[in-house]
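Inspection log for the structure reproduced underneath, given as structure tokens.
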Amino acid sequence: GQNIDQPTEMTATEGAIVQINCTYQTSGFNGLFWYQQHAGEAPTFLSYNVLDGLEEKGRFSSFLSRSKGYSYLLLKELQMKDSASYLCAVGLRYGNKLVFGAGTILRVKS
Amino acid sequence: SQTIHQWPATLVQPVGSPLSLECTVEGTSNPNLYWYRQAAGRGLQLLFYSVGIGQISSEVPQNLSASRPQDRQFILSSKKLLLSDSGFYLCAWSRSHSTDTQYFGPGTRLTVL
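As given, the protein sequences belong to chains A and B, one line each in that order. Under the working numbering, the first residue of the first sequence carries the number 360, and numbering increases by one thereafter. Under the working numbering, the first residue of the second sequence carries the number 92, and numbering increases by one thereafter.
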């Protein structure tokens, strides 16, 4: 089976840096995805890691360690608009599917 | 570029009534298509996915069904809605033959009363 764990909620201050962790246990791993979902809206794609290491994309970076079953999303220079739920998802090698974690609600305060 | 549409945006239905939600994708051919449900404050639950016309895989036993009558059209249906069917229904697409990034439609918020 598959299991994905993320913290339920986090709070951070505007301008700060926050790291959202995700641990997973899956069979047939084929990539790790991060999505952002604002309240009442659909998820939007943020990043994809298939190899170990850090992928940087502007203020957002994502890291993957396949041997540890661990990923994190790093958000720098936090803005109020970054308040959202962040979903970690694992791609499965068989079946063309993603398995989603429950999401981490990030609250950015001024 | 590719776009994905869903309608209606919101729907309020009585218990026991039928349901039909539609999803269409533009700008790509032979996509993988997915239906998810998200209950309030919860994660995404995969309901159905399709790799081609007429090919449907069901992930969770329930009173919902899905159909793919055309390459870029995906329909979610029910004959009789239950209260527990309330939620945010999301359609997504990805490129075929791979575990690729999924792109979501705007969603349909369904309330069953």
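C-beta atoms are modelled at their ideal positions from N, C-alpha and C, and glycine is treated no differently.
Check	Outcome
Neighbouring residues, chain A, relative to N123 (chain B) (Cβ below 7 Å)	N455
P99 (chain B) at chain A interface by Cβ criterion, 9 Å	no
Alpha carbon of E400 (chain A) to alpha carbon of G412 (chain A), nearest angstrom	30 Å
F419 (chain A) vs L410 (chain A) beta-carbon contact at 9 Å	no
Sequence-distant residues of the same chain with beta carbon closer than 7 Å to G178 (chain B), five excluded per side	R128, Q129, A130 and L201
CA-to-CA distance, T199 (chain B) to T101 (chain B), given in whole angstroms	5 Å
Beta-carbon proximity list for S424 (chain A), same chain, < 7 Å, skipping 5 on both sides	D411
Cutoff 9 Å: Q193 (chain B) Cβ touching any chain A Cβ	yes
Exposed unless 16 or more other CB atoms sit within 10 angstroms - verdict on R82 (chain B)	Past the edges of chain B, shown from 92 to 204, lies residue 82 (chain B), and the structure says nothing about it.
Any chain A beta carbon closer than 9 Å to G118 (chain B)	no
Anticipated Cβ contact below 8 Å, L112 (chain B) with I147 (chain B), distance rounded	L112 (chain B) to I147 (chain B), Cβ: 14 Å. No contact.
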